[in-house]
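Residue numbering for the sequence shown follows this note's numbering, starting at 271 and increasing by one per position.
Okay, so here's the structure we're looking at.
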Amino acid sequence: MSIQSVDSFPLTGAQSGIWYAQQLDPANPIFNTAEYIEIKGPIDPIHFEAAIRKTVLETDSLYMRFIEDTDGPKQWMTSKKEIPFQYVNLQNEKQPIDAAKAWMKADLSTPVSLEKDVLFREVLFQLADDRFIWYQRIHHIAIDGFAFSLIARRVAEVYSALSNGTPMPPQTFGSLHDVVQEESTYRQSNRYEADRAFWKNRFADQPEVVSLAELAPRTSDHFIRKTAGFVAEKVKQNEKKCSSLRWYVA
């Protein structure tokens, strides 16, 4: 029976791992993923919001809900497709960029319920007449890092079509049903059994990870980020030095 013929369907292997990890610590926001894009130049907020709304409605995984029963976790697409978009004007703030970062950090630190909450949020911050920040926060069970770039590219092409009055490019996002069906087919194949046997054998003789703790620690609820910059001229100097090196092997 095709999984498309029922209202709910199984999680992918990757989704299952995230689901169970989240159940161990439901209040942990670490599986929230996010990015922001700084836009320098004037934009039309109305067209931008319209582009976001169209794009997220084309993205199946953003509208999934999850539940666990005796057969394990399942997912289904909610019929109530909310679009949590906000426009936030920070032009009157003394430090608009700092205010935007504080807002994003607070949002990223808020846990998301996989059973009840919308899995994503879209925000357009206006810092000046010609400076904006577009922020996206999406739970990792719905998306990976590469998919952020696909959404950004689709929003850009929809926005361009709306702004220029040109035909709307066709959407190319696949169906989440198809992804789950493809994985289900793979797991029932001989190739899956061969792959599984290979990896079990490949690491069969590897020792357990050494730890000073008796129990495995819980997943951290935050991460530490350090950003550094490089002076272009210094990079060029280092490239020149490295290119002159010669290695000799006896």
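The C-beta atom is built at its ideal place from N, Cα and C for all residues, glycine as well.
Computed from a predicted structure; not experimentally measured.
- If you compare the alpha carbons of Pro315, Phe318, Leu384, Ser459 with that of Trp346, the shortest gap goes to Leu384.
- Sequence-distant partners of Ile313 (beyond 5 residues in either direction) whose C-beta falls short of 7 Å from its own C-beta, in its chain, are Phe402.
- By the neighbour-count criterion, in which a residue is buried when 16 or more other Cβ atoms sit within 10 angstroms of its Cβ, His492 is exposed.
- Counting C-beta pairs closer than 8 Å gives three or more between the stretch 384-400 and the stretch 332-352, which meets the contact rule.
- Within the same chain, and ignoring the five residues on either side of Asp377 in sequence, the residues whose Cβ sits closer than 7 Å to its Cβ are Arg391, Arg407.
- Between Trp373 and Ile307, the gap from beta carbon to beta carbon reaches 8 Å or more.
- In the three-state reduction of the DSSP assignment, Leu394 falls in the strand class, which pools E and B.
- With a minimum length of 4 residues, the unbroken runs of alpha helix (DSSP H) contained wholly in the stretch 293-362 fall at 315-327.
- By the CB criterion at 8 Å, Leu394 and Gln361 fall outside the cutoff.
- Between Ile421 and the set Pro280, Arg323, Pro296, the nearest pair of CA atoms involves Arg323.
- Runs of the beta strand (DSSP E) lying entirely within the stretch 457-519, each at least 3 residues long, are absent.
- With contacts defined as CB atoms closer than 8 Å, Glu305 and Phe418 qualify as a contacting pair.
- In the DSSP assignment, Phe418 falls within the alpha helix (DSSP H) that extends over 415-434.
- By the Cβ neighbour-count rule, Gln356 is exposed, with fewer than 16 other Cβ atoms within 10 Å of its own.
- Membership of Ile403 in the beta strand (DSSP E) is indicated by the continuous run 401-409.
- Secondary structure note for Asp377: its alpha helix (DSSP H) is the uninterrupted segment 366-378.
- Closest by C-alpha distance to Phe279, out of Asp465, Pro343, Arg457, Pro437, is Pro343.
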